[in-house]
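Protein chains: 2
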Amino acid sequence: MFKKVLIVEDHESVSISVQKSLTDLGIPYDSRDYVYYCDDAIKRIEKAIAENEPYELLITDLSFEEDTPQLLKTGVDLIKAVKEIQPKMKTLVFSIENRAHVAQLLLKELDIDAFIPKARHDAKDLKLAIEALANGKKYFSNNLKQTVKDETPFKFTDYDTVLLKLLANGTAQKDIPIYFKKHNVVPAGLSSIEKRLSQIKTTLNLSSNEHLIAYVKDRKVI
Amino acid sequence: MFKKVLIVEDHESVSISVQKSLTDLGIPYDSRDYVYYCDDAIKRIEKAIAENEPYELLITDLSFEEDTPQLLKTGVDLIKAVKEIQPKMKTLVFSIENRAHVAQLLLKELDIDAFIPKARHDAKDLKLAIEALANGKKYFSNNLKQTVKDETPFKFTDYDTVLLKLLANGTAQKDIPIYFKKHNVVPAGLSSIEKRLSQIKTTLNLSSNEHLIAYVKDRKVI
DNA sequence: CCCGACATTACGGTTTCCCGTAACGTTTAG
DNA sequence: CTAAACGTTACGGGAAACCGTAATGTCGGG
Numbered sequence: 013m014f015k016k017v018l019i020v021e022d023h024e025s026v027s028i029s030v031q032k033s034l035t036d037l038g039i040p041y042d043s044r045d046y047v048y049y050c051d052d053a054i055k056r057i058e059k060a061i062a063e064n065e066p067y068e069l070l071i072t073d074l075s076f077e078e079d080t081p082q083l084l085k086t087g088v089d090l091i092k093a094v095k096e097i098q099p100k101m102k103t104l105v106f107s108i109e110n111r112a113h114v115a116q117l118l119l120k121e122l123d124i125d126a127f128i129p130k131a132r133h134d135a136k137d138l139k140l141a142i143e144a145l146a147n148g149k150k151y152f153s154n155n156l157k158q159t160v161k162d163e164t165p166f167k168f169t170d171y172d173t174v175l176l177k178l179l180a181n182g183t184a185q186k187d188i189p190i191y192f193k194k195h196n197v198v199p200a201g202l203s204s205i206e207k208r209l210s211q212i213k214t215t216l217n218l219s220s221n222e223h224l225i226a227y228v229k230d231r232k233v234i
Numbered sequence: 013m014f015k016k017v018l019i020v021e022d023h024e025s026v027s028i029s030v031q032k033s034l035t036d037l038g039i040p041y042d043s044r045d046y047v048y049y050c051d052d053a054i055k056r057i058e059k060a061i062a063e064n065e066p067y068e069l070l071i072t073d074l075s076f077e078e079d080t081p082q083l084l085k086t087g088v089d090l091i092k093a094v095k096e097i098q099p100k101m102k103t104l105v106f107s108i109e110n111r112a113h114v115a116q117l118l119l120k121e122l123d124i125d126a127f128i129p130k131a132r133h134d135a136k137d138l139k140l141a142i143e144a145l146a147n148g149k150k151y152f153s154n155n156l157k158q159t160v161k162d163e164t165p166f167k168f169t170d171y172d173t174v175l176l177k178l179l180a181n182g183t184a185q186k187d188i189p190i191y192f193k194k195h196n197v198v199p200a201g202l203s204s205i206e207k208r209l210s211q212i213k214t215t216l217n218l219s220s221n222e223h224l225i226a227y228v229k230d231r232k233v234i
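Taken in order, these protein sequences are the chains called A and B. According to the numbering used here, numbering within the first sequence proceeds without interruption in unit steps and concludes at 234. According to the numbering used here, numbering within the second sequence proceeds without interruption in unit steps and concludes at 234.
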């Protein structure tokens with residue numbers, strides 16, 4: 013089992029619960045630390061490396077309240093920073109996010125070792141994950157919603173998200189070509205923009221731009 | 013201190029932590045129960061009344077995962093139901109919601125006794141609240157964000173939300189009068205609808221319907 | 001170099017939205 | 001009852017979005 017664990021979680025109640033789970037797994041009090049901010053986390057990790065007692069496991073949330081300015085704003089930022097200074101540390105993400113494709117993306121892009129969504133039986137889930145990691149395995153929670161892929165058979169490209177963000181920010185459709193040409197986004201023609209929007213709406217059975225914006229906001233595409 | 017407490021929370025990790033807080037306050041194990049669903053909660057409460065050992069305190073979340081169909085879908089539904097059968101029970105809401113005006117609304121409309129947002133020091137906050145309630149006081153967390161009122165000086169009416177929901181669902185502006193006339197919403201004239209939308213956008217400095225929909229989605233107006 | 005396939009842009013007609021003005025209806029005060 | 005004030009609706013011109021089609025550009029293979 014792990015001898016040194018760091019918990020990064022800005023909700024005290026959740027942090028307490030994670031600590032209890034570690035206790036249940038036989039990880040003693042002095043084997044773990046907890047912090048409320050990513051910036052504190054990276055400092056601790058650096059210090060632990062310097063003292064030749066590096067952490068073995070990182071348990072982190074993804075989103076943090078931005079009440080005080082931080083260099084590392086999200087769990088993703090933190091994991092990237094950790095991978096730079098201690099690439100072999102095991103990383104477990106414990107987040108309210110429950111969409112399988114988001115978890116898979118983290119698994120692939122950031123090479124995390126486990127993803128647990130905060131849900132009905134998340135404490136049990138968490139323990140199973142930690143045990144799996146201690147045995148050198150990866151752990152992908154089965155409480156993740158696979159349905160999202162089915163609900164959204166449509167794949168939004170980077171071009172789409174830029175376009176949708178401009179619309180959601182109030183840019184008139186006819187002015188988008190100006191922005192695209194300035195920022196070297198192609199295709200920049202108004203006609204192409206109209207066609208793309210039309211195609212997206214047809215595919216997703218959406219009948220207006222307002223409908224489309226509501227759709228992507230609900231699904232956190234933008 | 014309370015002798016019988018019911019915790020309604022669908023995240024196991026949070027539930028565990030709330031229970032630990034109760035333990036810290038000297039409320040023993042057999043004095044409390046916890047459930048994952050609102051429907052289970054109301055059953056327990058009814059049973060407790062029938063057995064002449066009613067609960068004294070209800071600690072509930074607001075939003076629940078809708079994985080299985082429930083009669084009571086939200087904490088608000090639950091509290092309303094509870095107030096009908098046991099109006100004197102103390103009610104404490106423990107939610108991710110941290111906007112002061114939402115909490116105040118619950119305080120006023122549902123006559124809840126305390127509101128604690130899940131945040132950095134929510135466990136401490138929760139304990140303070142429970143102690144206050146045990147002493148017959150109400151407790152309004154000071155971790156709530158007062159800023160929202162300033163950010164949104166605009167007050168959306170019921171008419172506005174109906175209108176915006178129609179737009180967000182893809183109803184064409186020109187077709188909204190048809191819907192309004194059918195459902196006896198006034199004013200129903202296209203001209204009035206245009207004027208109202210225009211007024212909202214001018215007031216909030218929004219330049220298009222897309223912009224407006226993004227705005228209300230971000231602020232959970234609809 | 002030429003050609004075809006494809007992506008991108010340009011253009012024009014139609015619909016919808018936008019916005020100002022005027023007409024109509026209702027309520028209230030005198 | 002009338003007049004004024006206000007809310008609602010009707011109308012019309014202009015702008016933007018929508019959508020089909022044609023023209024132009026781009027890239028690779030022959």
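Glycine residues also receive a C-beta, built at the ideal position from the N, C-alpha and C atoms.
| Check | Outcome |
| --- | --- |
| CA-to-CA distance, residue 40 of chain B to residue 34 of chain B, given in whole angstroms | 8 angstroms |
| Identified DSSP bridge partners for residue 128 of chain B | B/106 |
| Cβ pair residue 216 of chain A, residue 168 of chain A closer than 8 angstroms | no |
| Cα-Cα separation, residue 140 of chain A to residue 17 of chain A | 16 angstroms |
| Listed by chain order, chain B residues near residue 181 of chain A by CB distance under 8 angstroms | 223, 226 |
| The stretch 125-135 of chain B / the stretch 93-109 of chain B touching (three or more Cβ pairs under 8 angstroms) | yes |
| Residues that residue 132 of chain B contacts on chain A, provided the C-beta gap is smaller than 9 angstroms | 22, 23, 24, 48, 77, 79 |
| Proximity winner among A/89, A/134, A/15, relative to residue 53 of chain A (alpha-carbon distances) | A/89 |
| Interface residues of chain A facing residue 210 of chain B [CB-CB closer than 9 angstroms] | The premise fails here: residue 210 of chain B is roughly 14 angstroms from chain A at the closest Cβ pair, so nothing lies under 9 angstroms. |
| Which of helix, strand or coil DSSP assigns to residue 197 of chain A | coil |
| Residue 23 of chain B, buried or exposed, once every other Cβ within 10 Å from all chains shown has been counted against 16 | buried |
| Pair within 8 angstroms by beta-carbon distance, residue 98 of chain A and residue 57 of chain A | yes |
| Reference residue 148 of chain B, options B/183, B/69, B/193, closest by Cα | B/69 |
| Terminal residues of the alpha helix (DSSP H) in which residue 5 of chain A lies | Residue numbering for chain A in the displayed model covers 13 to 234; residue 5 of chain A lies beyond these limits and cannot be assessed. |
| Chain A within 8 angstroms of residue 229 of chain B, Cβ atoms only | yes |
| Own chain partners of residue 29 of chain B with C-beta closer than 7 angstroms, once the 5 adjacent residues on each side are dropped | 135 |
| 8 angstroms Cβ cutoff, residue 218 of chain B in contact with chain A | yes |
| Residue 119 of chain A and residue 182 of chain B closer than 8 angstroms at C-beta | no |
| Three-state secondary structure assigned by DSSP to residue 137 of chain B | helix |
| Coil, strand or helix - residue 67 of chain A by DSSP | coil |
| CB contact flag (residue 91 of chain A, residue 124 of chain A, <8 angstroms) | yes |
| Residue 226 of chain B beta carbon less than 8 angstroms from that of residue 205 of chain A | no |
| Any chain A beta carbon closer than 8 angstroms to residue 29 of chain B | yes |
| Reduced DSSP secondary structure (H/G/I, E/B, other) of residue 228 of chain A | helix |
| Among B/80, B/81, B/42, B/105, nearest to residue 20 of chain B - alpha-carbon criterion | B/105 |
| Other residues of its chain near residue 145 of chain A: CB distance less than 7 angstroms, five sequence neighbours each side excluded | 69, 102, 104, 125, 126, 151 |
| With 16 other Cβ atoms within 10 Å as the buried cut-off, status of residue 80 of chain B | exposed |
| Given residue 177 of chain A as reference, the closest of A/84, A/229, A/67, A/196 once Cα atoms are compared | A/229 |
| Chain B contact residues for residue 184 of chain A, given Cβ-Cβ distances below 9 angstroms | 219, 220 |
| Beta-carbon gap between residue 85 of chain A and residue 78 of chain A smaller than 8 angstroms | yes |
| Minimum Cβ-Cβ distance from residue 144 of chain B to chain A less than 8 angstroms | no |
| Three-state secondary structure (DSSP) of residue 150 of chain B | coil |
| Closest by C-alpha distance to residue 209 of chain A, when choosing among A/25, A/51, A/64, A/172 | A/172 |
| Chain B residues whose Cβ lies nearer than 8 angstroms to that of residue 135 of chain A | 24, 25, 28 |
| Buried versus exposed call for residue 190 of chain B [16 or more other C-beta atoms within 10 Å across all chains shown] | exposed |
| Test item: CB-CB of residue 65 of chain B and residue 179 of chain A under 8 angstroms | no |
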